[in-house]
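So the structure is just underneath, and the comments pick up after that.
In our numbering, the protein residues as written are 173 to 520.
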């Protein structure tokens with residue numbers, strides 16, 4: 173997909189995934205076709221069942237959802253309304269209850285990320301080419317724009333990822349490539365680094381949980397580019413590895429052993445093992461069939477399951493991840509959803 177209506181969850185694996193001692197896994201999906209967040213509980217068998225009260229009202233055209241690592245609040249960005257809405261998170265049921273009215277973002281928000289401490293929220297605005305930064309109130313979840321927000325970034329940015337340590341944001345633009353932005357201790361942002369070339373048409377960026385490598389999906393080049401983290405930026409020219417047709421989203425397993433690429437043009441998922449130097453090697457059996465036009469994917473915290481949003485077939489695919497990276501469809505997968513899903517968030 174052109175605009176990153178997706179997460180970056182990676183630091184999606186770190187920033188968008190919750191933590192805690194609950195025995196439940198909760199999965200949330202949004203898409204422009206329905207004004208709501210669709211919530212599911214994952215059974216021990218892997219099956220997904222709808223959470224009571226789902227879908228949870230959003231208004232506008234929801235394009236991204238995130239749950240704080242503290243598991244207290246949830247946030248949804250809306251492209252149509254140019255805003256972000258806050259929710260309180262019910263730890264027992266996984267329900268989302270509206271807590272705050274919409275707070276303005278820039279024009280056409282396409283991605284969001286929450287820092288590991290659950291203190292700051294960042295929204296990437298494609299239309300206004302900037303990043304809105306907010307503090308998160310510990311008790312109410314209310315958002316307050318940080319001094320200097322919004323912060324300038326690359327022109328027409330399409331995807332954003334927050335480093336696992338929360339000290340850097342990585343942004344890609346179809347016309348300018350990949351840049352890193354330092355995150356200061358107070359949550360404010362520095363200037364973008366000199367952009368690095370990131371293929372023909374960079375569409376998505378993610379950081380591995382070990383904070384060593386940055387990967388970019390090149391949708392027109394049908395490849396994944398790998399870079400080495402250097403401070404708040406990257407070093408090197410980026411090594412290219414062939415993927416499927418039109419890779420549109422990436423995710424890295426929590427143990428940094430595997431990288432997953434959603435190939436929107438070939439309706440499948442490529443799986444790569446990650447070498448000690450960040451090199452990618454496709455695992456046996458890859459690519460694995462998904463639904464139509466997979467547009468986003470994310471693992472659970474334990475790294476045992478992979479969830480894929482299939483925008484073209486309006487469903488979610490779930491796979492168990494084998495020790496060698498092979499994918500096996502979970503019981504009942506794919507799961508129908510009454511929207512064209514383009515973003516998923518997962519928490520315990």
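Note that beta-carbon positions come from the ideal geometry of N, C-alpha and C, so glycine has one too.
Treat the numbers as computed from the prediction; the structure is a model and nothing was measured.
Per DSSP, cross-strand counterpart(s) of residue i
{"i": "residue 330", "result": "Paired residues: none, contrary to the question."}
{"i": "residue 261", "result": "268"}
{"i": "residue 293", "result": "286, 306"}
{"i": "residue 411", "result": "398"}
{"i": "residue 214", "result": "197, 220"}
{"i": "residue 482", "result": "466, 487"}
{"i": "residue 341", "result": "334, 353"}
{"i": "residue 386", "result": "379, 399"}
Own chain, CB closer than 6 angstroms to residue i, minus 5 neighbours either side, in chain order
{"i": "residue 271", "result": "258, 259, 260, 313"}
{"i": "residue 193", "result": "Summary for residue 193: the model assigns pLDDT 41, below 50, so the residue's position carries little reliability, and this model does not support an answer."}
{"i": "residue 206", "result": "510, 511"}
{"i": "residue 232", "result": "250, 252, 253"}
{"i": "residue 417", "result": "394, 435, 437, 438"}
{"i": "residue 472", "result": "197, 518"}
{"i": "residue 505", "result": "489, 490"}
{"i": "residue 516", "result": "201, 468, 470, 479, 481"}
Residue burial classification, residue i (beta-carbon count within 10 angstroms, cutoff 16)
{"i": "residue 358", "result": "exposed"}
{"i": "residue 223", "result": "buried"}
{"i": "residue 453", "result": "exposed"}
{"i": "residue 497", "result": "buried"}
{"i": "residue 433", "result": "buried"}
{"i": "residue 442", "result": "buried"}
{"i": "residue 366", "result": "exposed"}
{"i": "residue 457", "result": "exposed"}
{"i": "residue 514", "result": "buried"}
{"i": "residue 236", "result": "buried"}
{"i": "residue 274", "result": "buried"}
Nearest neighbour of residue i, chosen from the options [CA to CA]
{"i": "residue 247", "options": "222, 283, 216", "result": "283"}
{"i": "residue 499", "options": "226, 460, 470", "result": "460"}
{"i": "residue 218", "options": "451, 490, 376, 296", "result": "490"}
{"i": "residue 244", "options": "366, 391, 268, 230", "result": "268"}
{"i": "residue 263", "options": "211, 278, 289, 303", "result": "211"}
{"i": "residue 311", "options": "266, 374, 240", "result": "240"}
{"i": "residue 440", "options": "462, 458, 378", "result": "462"}
{"i": "residue 523", "options": "385, 424, 280, 294", "result": "Residue 523 lies beyond the residue range present for the chain, which begins at 173 and ends at 520; the question has no answer from this structure."}
Reduced DSSP secondary structure (H/G/I, E/B, other) of residue i
{"i": "residue 241", "result": "coil"}
{"i": "residue 371", "result": "coil"}
{"i": "residue 455", "result": "coil"}
{"i": "residue 508", "result": "strand"}
{"i": "residue 489", "result": "strand"}
{"i": "residue 531", "result": "Because the chain in this structure spans residues 173 to 520, residue 531 falls outside the shown range and cannot be described."}
{"i": "residue 352", "result": "strand"}
{"i": "residue 514", "result": "coil"}
{"i": "residue 311", "result": "coil"}
{"i": "residue 280", "result": "coil"}
{"i": "residue 252", "result": "coil"}
{"i": "residue 230", "result": "coil"}
Spatial neighbours of residue i in its chain, beta-carbon cut-off 8 angstroms, leaving aside the 5 residues before and after
{"i": "residue 508", "result": "486, 487"}
{"i": "residue 410", "result": "350, 368, 369, 370, 371, 388, 397, 398, 399"}
{"i": "residue 353", "result": "303, 323, 325, 340, 341, 342, 343, 361, 362, 363, 364, 365, 404"}
{"i": "residue 474", "result": "426"}
Contact test: residue i Cβ vs the ligand GDP heavy atom, cutoff 8 angstroms
{"i": "residue 316", "result": "For the structure depicted, the ligand GDP is absent and the ligand set is empty, with no information on it obtainable."}
Nonlocal neighbours in the same chain, by C-beta distance under 7 angstroms from residue i, ignoring five residues either side
{"i": "residue 347", "result": "327, 328"}
{"i": "residue 503", "result": "217, 218, 219"}
Below-9 angstroms beta-carbon distance, residue i vs any chain B residue
{"i": "residue 222", "result": "Among the protein chains of the structure shown there is no chain B, as only one such chain exists."}
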